[in-house]
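Take any residue in the sequence shown, count from 1 to its spot, add 335: that is its number in this note's numbering.
The beta-carbon is built from N, C-alpha and C at its ideal position, and this holds for glycine as well.
All figures in this text were calculated on a predicted structure; none of them were measured in a lab.
Have a look at the structure below before the remarks.
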Amino acid sequence: MGKLARSNEQKTLGPDRFSPSTVAVREHRARERADRMIDQFVERFTEKNFFPDDGESALFALLVQLPEWPSELMISVQNENGEDLALYLKGNDQSVVENTVVLMHGGDDAYVAPDGVSISDDEPLLTLVFSQLPVSSTLGMGGNFPGSNSTAGRIVTLREQITGLAREQRPLLFTALLADEGTSKSLLNVSLPNPFLPLWDRRDIEISPVLGWLGALNPQVPVSRLEELLGRMPLTEEQQIDFLKNDVLPVEFVEAMEISLDEWTRSTAIDGLSRTRMFNQYTDELARTGARALLAASEQNLVILDPGMSKYEPSGPDDTSIVLLHDGSGNYSAQDTSNGEITEFKDGTDSFYLAISSQFKAEDRLSLGMQFEQDVAGFRKALTQHAIEENRGWFDPEKPTGIEKGFLPEWFASASDDDKYAWKIAVQDYSQAVLEAQAPDLLEPSRYGEPDQLRNYAREKLQKRILLDHGVEVNPDEISILTVSIEIDPGFILDLDYEFAGPSEVEASYETQQRSLTDLSLENIAVTDLNFFLTSRALDAQGRLIGFLKAGYLFSLIRDLNIGENYPRFLRNVLSTSSTGAWHRQRYARVMHTQMRLDGIEAKMAGDFLGDGSLPPELANRGHKWLTAVLDHPVDDDDRATVEGHRIKVSQLSISDVPLSGVLVIGVAARSSVGALVMFTPQAPDGQCFREMSSLTEFQQLLLEPALLDYLVGRAALASQADVRRVLTAGRDALFMELLPRSENFLEAVYDSEVERVISAVDERTTSTWETNWESAWEIIKTVGDIILTFAPFKVQLPIAALRSFYAIWQGVAKAASEQGTAPLYFVQAALLLADGLTLPKGRRVKPYSPAAVGRPVLNPKTAVS
């Protein structure tokens, strides 16, 4: 699958820009989900009937940690067969349990009430909890309002207590929410496990010995990151044995792991700056580095005394050093250098910022981003921004990248398991094809049509010619050609060696124009351009005249090089007839083949192919079967399979004798027997790649749809676009449509037509926002296909539109990306919606007890009901 990690040299050089891996984006999304859930507990949980999305587990964990919750009372979440799914307890010793609150979770995301327990529409889940509390329980007591001792009143107080606990213990709760799936207090070999973890969780799954040992060697790293690494770089059986016996891993794996862990470390450190988290050494080191940088700007020194270090002795009465004492666990205090007095702060990582702030004057705190002495958030923001700049980018702390699950298209969410499995396999094949099409030293075909590539070609030709003629190496971009637009007597005689004729020598009005020599070569010079001969002069970057570049020489130079004519000839050789062209053609065809197959599966899932209830089952999705036949055998010969006894053909669409690049039509060879057609529309504005029409008449009507006008015009060669636009609008009555059969490999034929389109557009100077956005397609395919790649740049532009499913999501996501700079991350976010296998939030409904649906008594024998 190619090189899976950067070399150590590349790692040392660092990234040119922030480009997070798939697992880094997933980890950040998990952090955001945890923060969002805690925010909902803190800000909205006091609202009646409100529950954070997917927040039941966090609720139960908070519930058992309330001071009023008895240490011997356990919560057991069970399925309808009475099997434990998760257990929650204040401590980690199940032997102390005397009573159990049983919450039975049904298969339809609702909880089942015990037999005989009536549940109202208000607060059903919490009412179910209160119905099973011991009689002596004081949970939710202490309210000072009318009815505060009733169940409804106690629930109001309980909500306030849970909100307070979530606010007070936010860092600890956040850490528990980010724990690896299945992590529980009973499995951790530590004396004081995180109290907000479940006592036991059925989701605990067996892991391989290799993954288990990797996790043991890197206990601070999420198992999911190590698991993903093993999935991308699987070890052979011999390598696994060598690792388990001797702790030896292949060099390539170690290199990839170092890069992965480095990414995790940097991301964890920056996250710890942006928010109040539990102490970790990575954030602590980054905070110290950033604080020292900010303090250095005001010529102040930061001294930090860790455990075991000698007491700081001021250098003199003018010593203004900021001195902090650290206990080794993230708790800081401040020491006054003038009298040695020590000021302590509340335990936690915020103490670092408060200890520094306490030693600053009010006006000096502004340099730290602080508006007042306790403005920890302002200080954190300043340090976070500094760290992001040093990291060459990061996720925007002010703009969460989490995408709402509702953006997932219904047709994808409701697809059959068989279709989803076929989709997954197609994505993997597509990912592999794109990966194989990477060539670090080759440009992707359409790039040759970009202005920068054309300028590079012109610059190189000019440099070589001037060096040959004058022995001087110049940069044509830095040579300015000054000309004056002038009216003269048509009978004027030219002297080609004349260096410069100023305006004073000719009676005329004039206008000055200045262009670089490179730009001038791209414009070329008309033979009759007398102004150039009369007025042109070459200036260097300092505005000095370059004597050897006279008007006559420049005229001959530019006309002889003839960039406009020779560059297309150069392109045709590079992209078509050379070995490089053959390589591109083969890879392009392979990528297009796999993506068309993937798009076909999505079109089938989305219902884009015609369905006819009158047809027997074997004729269903006929359009998809046609597509499969031509993809299985791209060359039209006797080896291509028939469908329902019909030969299937691929044609290129032509409008009024103008072929539309990449727009294909698939149908039976004998259209008189079956009139339906499938149209392939790559990169269509609505994201739909396949459209099936029942007849040519319907097909022609589709071509006249206003929504497709610009798309179809853009598929024509540049010189013919005006004609195509005219025939599709004012001249629609004279529309002539033709289907040009493709008997050769139609995938390679599409490549050739794309090359011609690139060549015809070498003088285009703009790139649309749409095209710029879709340059992130490589990030999408890395994400959806779960490929670990860290080299850049993206070399092969995807030949057709991004995934149909992705496009559907992007329509909703685009509204969330308020700034262009955030768009690439939103693209990755949207792709992850597909890769993650999303589930909808669980409901908080409680349905009545049903004996037929329950395999055992609902109440645990130890439960006492009030």
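| query | Sorted by chain position, which residues of the same chain lie with C-beta nearer than 6 Å to valine 638's C-beta, five sequence neighbours on each side aside? | reply | Cβ contact annotation for valine 638 (same chain, cutoff 6 Å, sequence separation greater than five): Tyr647, Ser656 and Val658, in chain order.
| First and last residue of the alpha helix (DSSP H) that includes methionine 592? | The continuous alpha helix (DSSP H) containing methionine 592 extends over residues 586-609.
| According to the neighbour-count rule (16 or more other Cβ atoms, all chains shown, within 10 Å of its Cβ), is methionine 476 buried or exposed? | So methionine 476 ends up on the exposed side.
| field | Rounded Cβ spacing between glutamine 467 and valine 436 (contact assumed at less than 8 Å) | value | So it is a contact: roughly 4 Å between Cβ atoms.
| alanine 1005, DSSP secondary structure in three states | Alanine 1005: coil per DSSP, three-state reduction.
| If you draw a straight line from the C-alpha of glutamine 1018 to the C-alpha of glutamate 1089, how long is it? | Approximately 13 Å between the Cα atoms of the pair.
| query | Going straight from the alpha carbon of arginine 489 to that of valine 412, what length do you get? | reply | Taking the straight line joining both Cα atoms gives about 22 Å.
| CA-CA distance, phenylalanine 578 and threonine 518? | If I take the Cα positions, the gap works out to 25 Å.
| said: Which of the three DSSP states is assigned to isoleucine 990 in this structure? | reply: DSSP places isoleucine 990 in strand when its eight states are reduced to three.
| request: Would you identify the three-state DSSP class for tryptophan 535, choosing helix, strand or coil? | output: Per DSSP, reduced to three states, the secondary structure at tryptophan 535 is strand.
| query | Around the C-beta of glycine 643, are 16 or more other C-beta atoms found within 10 angstroms, so that it is buried, or is it exposed? | reply | Residue environment for glycine 643: exposed (fewer than 16 other C-beta atoms within 10 angstroms of its C-beta).
| task | Per DSSP, which residues does methionine 409 bridge with? Please list them. | result | Paired residue(s): Thr435.
| said: Tell me the rounded alpha-carbon separation between asparagine 726 and leucine 621. | reply: If I take the Cα positions, the gap works out to 11 Å.
| Cutoff 8 Å; reference glutamate 1027; Cβ partners in own chain excluding five residues on either side | Answer for glutamate 1027: Asp943, Phe944, Leu945, Gly958, Ala1011, Leu1012, Val1013 and Met1014, listed in chain order.
| query | Per DSSP, which one or two residues make a beta bridge with glutamine 582? | reply | According to the sequence displayed, residue 582 carries aspartate and not glutamine. Per DSSP, aspartate 582 has no beta-bridge partner at all.
| query | What separation, rounded to the nearest whole angstrom, lies between the Cα atoms of threonine 853 and glutamine 720? | reply | Distance between the alpha carbons of threonine 853 and glutamine 720 is about 40 Å.
| request: Below 6 Å CB to CB, which residues in the same chain sit around leucine 584 once its five sequence neighbours on both sides are set aside? | output: Excluding the 5 residues flanking it on each side, leucine 584 has same chain C-beta neighbours closer than 6 Å at Phe578, in chain order.
| field | Proximity of valine 807 and isoleucine 801 at Cβ, strictly below 9 Å | value | Cβ atoms of valine 807 and isoleucine 801: closer than 9 Å.
| Since alanine 307 and serine 693 are thought to touch, with beta carbons under 8 Å apart, how far apart are those beta carbons, to the nearest angstrom? | No answer is possible for residue 307: the residues shown for the chain start at 336 and end at 1201.
| task | Evaluate isoleucine 454 with the Cβ neighbour count: other Cβ atoms within 10 Å of its Cβ, from every protein chain shown; 16 or more gives buried, anything less gives exposed. | result | By the neighbour-count rule (16 or more Cβ atoms within 10 Å), isoleucine 454 is buried.
| request: Tell me whether serine 424 sits in a helix, a strand or coil according to DSSP, three-state version. | output: The sequence as given places leucine at residue 424; serine does not occur at that position. DSSP, reduced to helix, strand and coil, places leucine 424 outside both helices and strands of the structure shown, so it counts as coil.
| message | Just verifying my parser: in three-state terms, what is the DSSP assignment at glutamine 504? | response | In this structure, DSSP gives glutamine 504 a state outside helix and strand, which the three-state scheme calls coil.
| task | Work out the CA separation of aspartate 619 and phenylalanine 707 for me, nearest whole Å. | result | If you take the alpha carbons of phenylalanine 707 and aspartate 619, they lie about 23 Å apart.
| field | Under the three-state DSSP convention, the category alanine 717 falls into | value | In the structure shown, alanine 717 sits in a helix (DSSP, three-state: H, G or I).
| Contacts around lysine 716, its chain only, beta-carbon distance under 8 Å, and the 5 residues preceding and following it disregarded | Once the five neighbours on either side are set aside, the close Cβ partners of lysine 716 are Ser609, Gly704 and Pro732.
| said: Taking the alpha-carbon of valine 1218 as reference, which of Pro554, Met613, Leu880 and Ser991 has the nearest alpha-carbon? | reply: With the chain covering 336 to 1201 only, the question about residue 1218 has no answer from this structure.
| query | Across which residues does DSSP place valine 985 in a beta bridge pair? | reply | Bridge partners of valine 985: Ile1001.
| field | Environment of leucine 1075 [buried if 16+ CB atoms lie within 10 Å] | value | Per the 10 Å Cβ criterion, exposed.
| field | Nearest-angstrom Cβ-Cβ length linking leucine 1082 and methionine 940, presumed shorter than 8 Å | value | Incorrect: roughly 23 Å between the Cβ atoms, too far for contact.
| Whose CA, out of Ser991, Gln1035 and Glu563, lies closest to the CA of valine 545? | Comparing Cα positions, the closest option is Glu563.
| said: Going by C-alpha to C-alpha distance, which of Ile723, Leu630 and Ala938 sits closest to alanine 750? | reply: The option with the nearest alpha carbon to alanine 750 is Ala938.
| field | Whole-Å CB distance - methionine 534 paired with asparagine 434, under 8 Å assumed | value | The sequence shown places leucine at residue 534, not methionine. In fact, because the Cβ distance is near 15 Å, the residues do not count as touching under 8 Å.
| query | According to DSSP, which residues form a beta bridge with aspartate 1204? | reply | Nothing can be reported for residue 1204, as the shown portion of the chain is limited to 336 through 1201.
| Based on the DSSP output, what are the partners of tyrosine 667 in its beta bridges? | His661, per the DSSP bridge assignment.
| message | For a test of the three-state rule: what should DSSP assign to leucine 513, helix, strand or coil? | response | In the structure shown, leucine 513 sits in coil (DSSP, three-state: anything other than H, G, I, E or B).
| query | Looking at the unbroken beta strand (DSSP E) that takes in valine 1048, where does it start and where does it end? | reply | Run containing valine 1048: none in the beta strand (DSSP E); it sits in the alpha helix (DSSP H), 1044-1049.
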